[in-house]
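Shown next, in structure tokens, is the structure this report addresses.
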Amino acid sequence: MNLRSVNTAQVPVVDRYERPLRSLRLSVTDRCNLRCRYCMPEPEYVWLPREDILSFEEMATLVGYCADLGVDKVRLTGGEPLLRRDLPRLVRLLLQDRRITEVALTTNGVLLAEYAQALYDAGLSRVTVSLDTLRPDRFRRLTGRDEFSRVLDGIESVGKVGFSDFKLDTVAIRGFNDDELSPLIEFAKHYQAEVRFIEYMDVGGANEWSMDKVLSQDMILDALARRYGRIAPMPERGAAPAQRFHLPDGTIFGIIPSTTAPFCAQCDRSRLTADGLWYLCLYAGSGIDLRKPLRMNEHPEQMRQIIRSGWAARRDRGAEARKALEQAGLREGGLIEIDRLREDPHLEMHARGG
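Residue numbers (my numbering): -16 to 337.
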């Protein structure tokens, strides 16, 4: 399939709450080489059919249609995106569209040392590595794999090849890694990285989520204040998911409080799965099929209209809805039955690029 010709005039579209379409999370595969307890803890899953997986050219074409309507930032996700062969080629394809100002990557880091240089050379803007613990024994318990040393090698490679914008994402779990908050900040300082602590979220159903495992933003701030002293919030946030703070020595870190303090009102993100389903919210129960009309060679304006009308009708405020359930005493873990997850892999975070 030939790439569509670039239409350089963006016509921004907004949803029912005046939220613009700006940021796209693009899942390139539903496969992963870890089995993290909070994401995909079972040994095997029902994988997306290989014939349904979009080619890089198809992905770039769909991103182009989204760019026509305001998207300027793309984050490559999975599963584990580095399991997709020749990922730097996709980075180069996406950056051929000058309206795309940033292509970022979220990875578990296991394969990063092998591909960091090629990704940097392709023009990748920034890297985020998921790192939930600094203890190899905990890492093995959390992920089901003995890959901690390879993750450290991947983290080492980020600065060596020249990336300057580097973040570490940590899912903060009460009773598991809540004693590692300050060690993770000190570790990040060494690599000139910024830690973002993420509240444990109840996405999908195969994870082990419960409200008593959530280490809230307030708990995180209290723990760090006891170690470092006064912590001050930074004023800017906009549509970014993280509230950023700085320590007395100037060190900056972030917290993504999706569970206890949702940021739905500013959310400008949508998600495109590896097989072309477009989700308007991480918590959405269904997505819009873009693969079918694309492979039927639908006219570009009709493709844009599908995306335009989908976003314009968007009412999703999924995290706020979950918060309301909690306040009513109705929020529980495992909201989707395991059998249903096995029937439809799109319902799990690893398929929709959490």
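Even for Gly, the Cβ is constructed at its ideal location relative to N, Cα and C. Predicted, not measured: the structure shown is a model, and the values here were computed from it.
Nearest neighbour of residue i, chosen from the options [CA to CA]
{"i": "leucine 77", "options": "Ile36, Val54 and Arg209", "result": "Val54"}
{"i": "aspartate 327", "options": "Leu265, Pro26 and Trp30", "result": "Trp30"}
{"i": "proline 216", "options": "Thr234, Arg209, Ser199 and Arg210", "result": "Thr234"}
{"i": "histidine 173", "options": "Ser199, Ile138, Met184 and Trp192", "result": "Ile138"}
{"i": "arginine 82", "options": "Ala99, Tyr48 and Leu59", "result": "Tyr48"}
{"i": "glutamate 182", "options": "Gln175, Met202 and Ala176", "result": "Met202"}
{"i": "serine 6", "options": "Thr116, Tyr98 and Val46", "result": "Val46"}
{"i": "threonine 116", "options": "Gln226, Leu95, Asp162 and Val(-6)", "result": "Asp162"}
{"i": "methionine 23", "options": "Glu191, Ser241 and Arg254", "result": "Glu191"}
{"i": "glycine 387", "options": "Val57, Asp129 and Pro32", "result": "Beyond the ends of the chain as shown, which are -16 and 337, falls residue 387; an answer cannot be given."}
{"i": "alanine 176", "options": "Ala267, Arg300, Gly336 and Phe149", "result": "Phe149"}
{"i": "tyrosine 0", "options": "Gln249, Leu135, Glu97 and Ser253", "result": "Gln249"}
{"i": "valine -3", "options": "Glu25, Phe228, Arg133 and Gly293", "result": "Gly293"}
{"i": "glutamate 303", "options": "Glu97, Arg75 and Phe246", "result": "Phe246"}
{"i": "methionine 286", "options": "Arg209, Tyr103 and Leu52", "result": "Leu52"}
{"i": "proline 348", "options": "Leu207, Ser132 and Leu17", "result": "Absent from the model: residue 348. The displayed extent of the chain is -16 to 337, so no value can be given."}
{"i": "lysine 56", "options": "Leu4, Glu97, Glu284 and Gly158", "result": "Leu4"}
{"i": "aspartate 80", "options": "Tyr262, Trp261, Tyr211 and Glu40", "result": "Glu40"}
{"i": "phenylalanine 170", "options": "Arg118, Ile289 and Glu97", "result": "Arg118"}
{"i": "arginine 2", "options": "Lys306, Pro283 and Ala295", "result": "Ala295"}
{"i": "asparagine 16", "options": "Tyr103, Arg209 and Phe131", "result": "Phe131"}
{"i": "serine 38", "options": "Gly62, Arg58, Leu73 and Leu66", "result": "Leu73"}
{"i": "arginine 33", "options": "Arg14, Tyr21 and Glu27", "result": "Arg14"}
{"i": "histidine 329", "options": "Gly62, Gln288, Leu102 and Val86", "result": "Gly62"}
{"i": "arginine 305", "options": "Gly212, Ser193, Val112 and Pro(-5)", "result": "Ser193"}
{"i": "alanine 96", "options": "Leu102, Asp136 and Val112", "result": "Asp136"}
{"i": "valine 112", "options": "Phe159, Arg58, Arg124 and Asn160", "result": "Arg58"}
Pair within 9 angstroms by beta-carbon distance, residue i and residue j
{"i": "leucine 151", "j": "leucine 114", "result": "yes"}
{"i": "valine 141", "j": "valine 110", "result": "yes"}
{"i": "proline 64", "j": "threonine 12", "result": "yes"}
{"i": "arginine 297", "j": "cysteine 264", "result": "yes"}
{"i": "alanine 222", "j": "aspartate 195", "result": "no"}
{"i": "threonine 60", "j": "leucine 277", "result": "no"}
{"i": "threonine 126", "j": "cysteine 19", "result": "yes"}
{"i": "phenylalanine 146", "j": "leucine 204", "result": "no"}
{"i": "aspartate 258", "j": "isoleucine 36", "result": "yes"}
{"i": "glutamine 200", "j": "valine 144", "result": "no"}
{"i": "alanine 244", "j": "arginine 179", "result": "no"}
{"i": "aspartate 232", "j": "tyrosine 266", "result": "no"}
{"i": "leucine 94", "j": "arginine 133", "result": "yes"}
{"i": "methionine 184", "j": "threonine 90", "result": "no"}
{"i": "arginine 254", "j": "tyrosine 262", "result": "yes"}
{"i": "phenylalanine 228", "j": "isoleucine 239", "result": "no"}
Residue(s) in a DSSP beta bridge with residue i
{"i": "valine 197", "result": "Ile156"}
{"i": "glutamate 303", "result": "Its beta-bridge partners do not exist; DSSP assigns none."}
{"i": "phenylalanine 228", "result": "Pro216 and Phe236"}
{"i": "serine 108", "result": "Beta-bridge pairing links serine 108 to no other residue."}
{"i": "arginine 252", "result": "Ser6"}
{"i": "isoleucine 271", "result": "Trp261"}
{"i": "valine -3", "result": "Pro3"}
{"i": "phenylalanine 149", "result": "Val110"}
Span of the beta strand (DSSP E), counted from its first residue to its last, around residue i
{"i": "isoleucine 181", "result": "177 to 182"}
{"i": "glutamate 85", "result": "85 to 90"}
{"i": "threonine 60", "result": "56 to 60"}
CB-CB length for residue i against residue j, believed under 8 angstroms
{"i": "methionine 42", "j": "leucine 88", "result": "Not really, about 14 angstroms apart at Cβ, beyond 8 angstroms."}
{"i": "isoleucine 214", "j": "leucine 198", "result": "That pair is no contact at about 16 angstroms."}
{"i": "isoleucine 342", "j": "phenylalanine 236", "result": "A query on residue 342 cannot be resolved here, the shown segment of the chain reaching from -16 to 337 and no further."}
{"i": "threonine 362", "j": "arginine 335", "result": "No information on residue 362 is available, as it lies outside the stretch -16 to 337 that the chain covers here."}
{"i": "alanine 105", "j": "arginine 75", "result": "5 angstroms"}
{"i": "glycine 268", "j": "leucine 260", "result": "Not a contact, Cβ separation roughly 12 angstroms."}
Boundaries of the alpha helix (DSSP H) in which residue i is found, first to last residue
{"i": "tryptophan 30", "result": "It is not in any alpha helix (DSSP H) - tryptophan 30 carries neither H nor E in the DSSP assignment."}
{"i": "arginine 76", "result": "Here the sequence assigns leucine to residue 76, which means arginine is not the residue at that position. Run containing leucine 76: 70 to 78, per the alpha helix (DSSP H) assignment."}
{"i": "proline 24", "result": "It is not in any alpha helix (DSSP H) - proline 24 carries neither H nor E in the DSSP assignment."}
{"i": "threonine 242", "result": "Neither: threonine 242 is in no alpha helix (DSSP H) and is coded neither H nor E."}
{"i": "valine 144", "result": "131 to 144"}
{"i": "glutamate 191", "result": "Here glutamate 191 belongs to no alpha helix (DSSP H), and DSSP marks it neither H nor E."}
{"i": "serine 292", "result": "283 to 295"}
{"i": "aspartate 120", "result": "119 to 126"}
{"i": "aspartate 51", "result": "39 to 51"}
{"i": "histidine 173", "result": "164 to 173"}
Cutoff 9 angstroms: residue i Cβ touching any chain B Cβ
{"i": "glutamate 163", "result": "Note that chain B does not occur in the displayed structure, where there is just one protein chain."}
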